[in-house]
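Chains as they are written, first to last, in the numbering used here: chain E, 1337 to 1698; chain G, 2 to 286.
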């Protein structure tokens, strides 16, 4: 047999041989774990991990809705993707007997996540956060000295927005994560189905549109905050905290702070979940159990600066991160916070239309 | 230019039928993988047995306004491409072999690069801390970075760059087909170079101009990636709303209705451009 044929045969057989060893296929957000955690999991269990990342929920949803994604563990955000997957029956109920560390989860937070997954049958909270503003306090103080930096008025009051537009305002491109906060700021029900309430939100957003420089995916907003390109952005808490850390490392005098709206911040949860057609669900459950150990969770939070839902892990998180109120919200912020529920189809239509009008300015 | 075709018509008709056989695989492929899915998509817009989806798509103020924006952007891109492409095509017909090779290389190299890659390259160039702004700042020409990205200007730059070859090549092909003796004859008969160009070369190249305009306009009208990335979420084209209906709302019937409206407008515009360029050609002596 010529050598190249032999080589070809070996290459064709390799994937087959590779299957003999258990493999866990994880699909998680980019920059969302301490790589050391994955290494330790493999060392302890002998399960090899193939780790892929996505940077938008649409990518994740696209892969999963096509079926046979081959992933064993995915990390969708509670609303809208996790909720949608639960309703579509695309997730496998978790076998809690295999996840003894489930007991470490904070019952209060899990109860709030149950809003979209009754009985928490399909997911455990991985990390969570709020929706709020990333700001450059020094610039805001100069441009809008009379503004208080604790609420969405900074963005939604056209007077402030106009002055701050000079150093740049961005809003993340996510109707689900922006509209509820706007409604709450206006004193309306963030999960409203009322067309009139949504029109009020639309008016508020269109009023500040001329002052918004760009409406971008959250990853791009993070970049703009970190480089000091903008001095006000509405986005996820963890992104602001990462941007702030990056800006500090760059050492160019850019200071970025996170502000959760005082009137009530939207809470979101990223859920550990197993696709219904996962090839290796047991390995996924072993991994969930592994990360729910307090020391492991603590490493992850220290590394990515998002809070977790394992109270016993908090004491083990590095001090700087643990005591940072923008990582772990204060009791008051948490008490005022709300969880977005799944809108009806008619409401979703209205919201999408509202969002398109905001983006197109028409 | 229609005379050679007329000569071939009579005796060669049988051979043309054989030639059709050569094209058959491609035609079948297009029918099966393009025409059929498009028809099915269009059928979706009336699947509930009424025209409500189509009516909503054609009358809703938001979608109509965005469609007009898209037409406007496509028109601007077409005009800018034409203004840039004509001189380039003309130069290519007059340049020496080295010039042609270089010009073709410069045109084709980006043409072979993925649109996505080129669009990201523009983001690197045009950003607030991008190459262009930094250079201008270093030279002391500006103090505040110019807003080149995340607006209409950025979208136009990106789209013109992607679509320029589609304008250059048809015009270049039309110019090549013009017998150089014609302009020499005109000049020999006393016409200035400018009027020889204006009255001989330009009219004869209008077929290429029409083809280029139609190609660029039609492609620009359905553009997605470039406006989505360079527009910063503030420049919305109709294709982006269609994508949103499919991806976020899973509303295929309404997406199909919007697509039907876009297809109708595209065909109408194509017909108009075709008619205009043909009558312009026929009007020339």
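Where is the CB? At the ideal position from N, CA and C, for every residue including glycine. Since the structure is predicted, the reported quantities are computational estimates derived from the model, not experimental observations.
Q. Looking at the C-beta of residue 201 of chain G, does it have a partner C-beta in chain E at a distance below 9 Å?
A. At a cut-off of 9 Å between beta carbons, residue 201 of chain G makes no contact with chain E.
**Q.** Every unbroken alpha helix (DSSP H) within the region 1414-1467 of chain E, with a cutoff of 4 residues, ordered by chain
**A.** 1419-1423, 1443-1449
Q.
Measuring alpha carbon to alpha carbon, tell me which residue in E:1466, E:1399, E:1420 is nearest residue 1675 of chain E.
A. Comparing Cα positions, the closest option is E:1466.
Q: Please list the partners that residue 1551 of chain E has in chain G, where partner means a Cβ-to-Cβ separation under 8 Å.
A: 233, 234, 235
**Q.** With 16 other Cβ atoms within 10 Å as the buried cut-off, status of residue 19 of chain G
**A.** Residue 19 of chain G counts as exposed, since fewer than 16 other beta carbons sit within 10 angstroms of its beta carbon.
(Q) Distance cutoff 9 Å, beta carbons only. Does residue 1366 of chain E sit that close to anything in chain G? (A) no
Q: Give the straight-line distance between the Cα atoms of residue 1410 of chain E and residue 1436 of chain E, rounded to the nearest whole angstrom.
A: 20 Å
Q) Terminal residues of the continuous alpha helix (DSSP H) containing residue 1584 of chain E? A) 1573-1586
Q) According to the neighbour-count rule (16 or more other Cβ atoms, all chains shown, within 10 Å of its Cβ), is residue 1655 of chain E buried or exposed? A) Residue 1655 of chain E counts as exposed, since fewer than 16 other beta carbons sit within 10 angstroms of its beta carbon.
Q | Contact set for residue 1530 of chain E: own chain, Cβ-Cβ below 7 Å, skip 5 residues either direction | A | Answer for residue 1530 of chain E: no residue qualifies.
Q.
For residue 1550 of chain E, report the span of its beta strand (DSSP E) as first-last.
A. Start and end: 1550-1552.
(Q) I'd like to know whether the C-beta of residue 102 of chain G is nearer than 9 Å to at least one C-beta of chain E. (A) no
Q. Would you call the region 1560-1573 of chain E and the region 1462-1482 of chain E touching, i.e. three or more CB-CB distances under 8 Å?
A. yes
Q. How would you label residue 1688 of chain E, buried or exposed, when you count the other beta carbons within 10 angstroms and need 16 or more for buried?
A. Flag for residue 1688 of chain E reads buried.
**Q.** Bridge partners - residue 1361 of chain E, DSSP secondary structure assignment
**A.** E:1386
Q: Report the residue ranges of all beta strand (DSSP E) runs contained in full by the region 1468-1540 of chain E; include only those spanning at least 3 residues, in chain order.
A: Fully enclosed beta strand (DSSP E) runs of 3 or longer: 1505-1508.
(Q) Between E:1564, E:1603, E:1601, which has its C-alpha nearest residue 1585 of chain E's C-alpha? (A) Of the residues E:1564, E:1603, E:1601, the one whose Cα lies closest to the Cα of residue 1585 of chain E is E:1564.
Q. Is there contact between the region 98-116 of chain G and the region 143-154 of chain G, where contact requires at least three CB pairs shorter than 8 Å?
A. no
Q | Option nearest residue 1512 of chain E by Cα separation, candidates E:1613, E:1448, E:1422, E:1603 | A | E:1603
(Q) Helix, strand or coil, according to DSSP, for residue 1352 of chain E in the structure here? (A) Model confidence at residue 1352 of chain E stands at a pLDDT of 48, short of 50, so the residue's coordinates are unreliable; what they give is reported in the following sentence. The answer is helix: DSSP assigns residue 1352 of chain E an H, G or I state.
Q | Proximal residues to residue 1684 of chain E (C-beta, below 8 Å), its chain only, five neighbours per side dropped | A | none
Q. Should residue 235 of chain G go down as buried or exposed, given a rule of 16 or more other Cβ atoms within 10 Å for buried?
A. buried
Q | Short CB-CB distance (under 9 Å) between residue 1693 of chain E and chain G | A | yes
Q: Please classify residue 56 of chain G: is it buried, with 16 or more other beta-carbons within 10 angstroms of its beta-carbon, or exposed?
A: exposed
Q) What residues of chain E sit near residue 245 of chain G, judged by a beta carbon separation below 9 Å? A) 1688, 1691, 1692
Q. What in chain G is Cβ-close to residue 1394 of chain E, meaning under 9 Å?
A. 248, 249
**Q.** Whole-angstrom distance between residue 1423 of chain E and residue 1442 of chain E, CA atom to CA atom
**A.** 24 Å
Q | Coil, strand or helix - residue 1683 of chain E by DSSP | A | helix
Q.
Going by the DSSP bridge assignment, what does residue 1607 of chain E pair with across the sheet?
A. E:1461
Q) Helix or strand or just coil, what does DSSP make of residue 286 of chain G? A) Residue confidence is low: residue 286 of chain G scores 49 on pLDDT, short of 50, so the model does not pin down where it sits. Its coordinate-derived value is still stated next. In the structure shown, the three-state DSSP call for residue 286 of chain G is coil.
Q. How is residue 1590 of chain E classed by DSSP in three states: helix, strand or coil?
A. Residue state, collapsed to three classes: coil.
Q.
Check for me: the alpha helix (DSSP H) holding residue 1659 of chain E runs from which residue to which?
A. Premise fails: residue 1659 of chain E is in no alpha helix (DSSP H) and is neither H nor E.
Q | Span of the alpha helix (DSSP H) around residue 1617 of chain E | A | 1617-1627
Q) Any Cβ of chain E within less than 9 Å of the Cβ of residue 125 of chain G? A) No, its Cβ sits nowhere closer than 9 Å to a Cβ of chain E.
Q) What do you reckon, are the CB atoms on residue 244 of chain G and residue 224 of chain G nearer than 9 Å? A) no
Q | Own chain partners of residue 1632 of chain E with C-beta closer than 7 Å, once the 5 adjacent residues on each side are dropped | A | Answer for residue 1632 of chain E: 1373, 1626, listed in chain order.
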